[in-house]
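Quick note: the sequence shown uses our numbering, first residue 31, plus one each step.
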Amino acid sequence: MASERTDELYRLLLEKGYPKEFCAEIAYKNMNTDYTATRMLGYLYRVSDPRIEDLVDEMLAILSDRDQIVRKKELERAQAAINEMYRNGQQIF
């Protein structure tokens, strides 16, 4: 089930006149988390009528940012595990 933010994004895209299939692809397949939907909503409220190409470019930038955050968190967890092993004197290998 889609979040409220995702549904709001879908409705806003439709209101701006984008094709229905395009709106569903953006909102429900790519911007389907509160974080990504909120970022895209912010973009749409700042930019009055972006071209489809600009909208897709923004979507890719948002997804790239999200992926970087996920990778950073994974690395932080891995580093914390390594630090814990060193602290407790356990061998890694």
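In this text, a Cβ means the ideal position worked out from N, Cα and C, and glycines have one as well.
Residue i - DSSP class collapsed to helix/strand/coil
i     : result
Thr63 : coil
Gly72 : helix
Ser94 : helix
Arg81 : coil
Tyr40 : helix
Lys46 : coil
Residue i classed as buried or exposed, judged by whether at least 16 other C-beta atoms fall within 10 angstroms
i     : result
Arg41 : exposed
Met61 : buried
Ala57 : buried
Cβ neighbours of residue i in the same chain (closer than 7 Å, five flanking residues each side left out)
i     : result
Cys53 : Tyr40, Leu43 and Leu44
Same chain, Cβ closer than 6 Å to residue i, neighbours up to 5 away in sequence not counted
i     : result
Leu71 : Leu39
Leu74 : Leu42
Distance between residue j and residue i (C-alpha atoms, nearest Å)
i      : j      : result
Arg101 : Ala67  : 20 Å
Ile82  : Gly119 : 56 Å
Arg117 : Gln109 : 12 Å
Ser124 : Val77  : Because the chain here runs from 31 to 123, residue 124 falls outside it and cannot be looked at.
Asp64  : Arg35  : 6 Å
Gly47  : Arg96  : 27 Å
Ile99  : Arg107 : 12 Å
Ile92  : Ala111 : 29 Å
Residues near residue i by beta carbon distance below 8 Å, same chain, minus five either side
i     : result
Ser33 : Asn62, Thr63, Asp64 and Ala67
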